[in-house]
Amino acid sequence: MKKICLVCGLFCALSLPSASQNIIYPTLKSLLAQEGDTVAALRVEKRSQSRIMLTGGADYRIEAGENGSMRRRLKKRTFAVRADDGRLYVNCRKLRYKKLRFGSWYAPAVLLDGNLYFCAVPLGSVVGGNFVEKGDVKLGGKIGEALAASGLVNKRVCYELNVRLRKIEFLSEERMLWLLRDRPDLRDAYLRGGNQEARNTFGCLLRLAEGE
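Quick note on the numbering used here: the sequence shown kicks off at 51 and runs consecutively.
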């Protein structure tokens, strides 16, 4: 009986995913289907403000140590990564908002109601609509330099990737309130935040997705 219990315990241990595992999704389709490749050793690093000002891009690097092929895969052939702590990051390399580039590297993201939401720098009309004093800055071209010149290096807003249309839109207050229509507590918390910055919006999205 003891031997049987030990064997069953071993099978259970082998069948459970390792706490240190990360999941790589090569495409949006694979992310939606939750069909990714499991890898053990990845490191999520917050990029410094100085690096973002120099080269632009999103807030996080995801590295694979000395594994050169995995580094290249993460940089160019990966759509999203689910880190070992459960957090989701989307690769901004090929994402566009009204033909403007977000730059390289990864942004925090969440799947909700079949669409993908992520937070990144304000681009184009988002600047004029939400940061009026910076409205003359369109943040096209060399985004890092534009961020430094405009004082927007610390600002983040949320975007919605509509899966059906394959189109990225700014997550407006009107759209956000619709998403929160069945959660008056989160709706009130969002309105109390009083702005469209991601620290207000993205926190509500996470809580909504987690059912808190």
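Quick reminder that beta carbons are idealized off the backbone N, C-alpha and C, glycines included. Predicted model only: the values in this text are computed from it and were never measured.
Short Cβ contact (8 Å threshold) for residue i with residue j
| i | j | result |
| --- | --- | --- |
| tyrosine 156 | alanine 91 | no |
| asparagine 72 | arginine 121 | no |
| leucine 124 | isoleucine 112 | yes |
| alanine 248 | cysteine 169 | yes |
| leucine 173 | tyrosine 147 | yes |
| cysteine 254 | leucine 227 | no |
| asparagine 212 | asparagine 165 | yes |
| leucine 229 | leucine 256 | no |
| cysteine 208 | tyrosine 240 | no |
Distance, residue j Cα to residue i Cα
| i | j | result |
| --- | --- | --- |
| valine 160 | glutamine 84 | 13 Å |
| leucine 162 | serine 100 | 32 Å |
| arginine 233 | leucine 150 | 33 Å |
| leucine 78 | threonine 128 | 9 Å |
| arginine 242 | arginine 214 | 31 Å |
| aspartate 186 | valine 171 | Reliability of the predicted coordinates at aspartate 186 is poor, the pLDDT of 42 falling under 50, and no value is obtained from them. |
| asparagine 204 | phenylalanine 220 | 18 Å |
| aspartate 87 | isoleucine 74 | 5 Å |
| glutamate 210 | lysine 96 | 22 Å |
| proline 76 | arginine 225 | 28 Å |
| glutamate 223 | aspartate 238 | 12 Å |
| aspartate 134 | leucine 81 | 16 Å |
| serine 154 | lysine 217 | 18 Å |
| serine 98 | tyrosine 110 | 9 Å |
| asparagine 117 | alanine 130 | 18 Å |
| proline 158 | serine 119 | 23 Å |
Residues sharing a beta bridge with residue i, DSSP
| i | result |
| --- | --- |
| isoleucine 74 | Asp87, Val131 |
| leucine 138 | Arg132, Ala159 |
| isoleucine 112 | Val94 |
| asparagine 245 | According to DSSP, which records beta bridges pairwise, asparagine 245 is partnered with nothing at all. |
| alanine 170 | Val207 |
| leucine 150 | Tyr147 |
| lysine 217 | Asn212 |
| asparagine 117 | Paired residues: none, contrary to the question. |
| asparagine 165 | Leu162 |
Residue i classed as buried or exposed, judged by whether at least 16 other C-beta atoms fall within 10 angstroms
| i | result |
| --- | --- |
| threonine 251 | buried |
| lysine 144 | exposed |
| glycine 261 | exposed |
| arginine 231 | exposed |
| glycine 106 | buried |
| arginine 93 | exposed |
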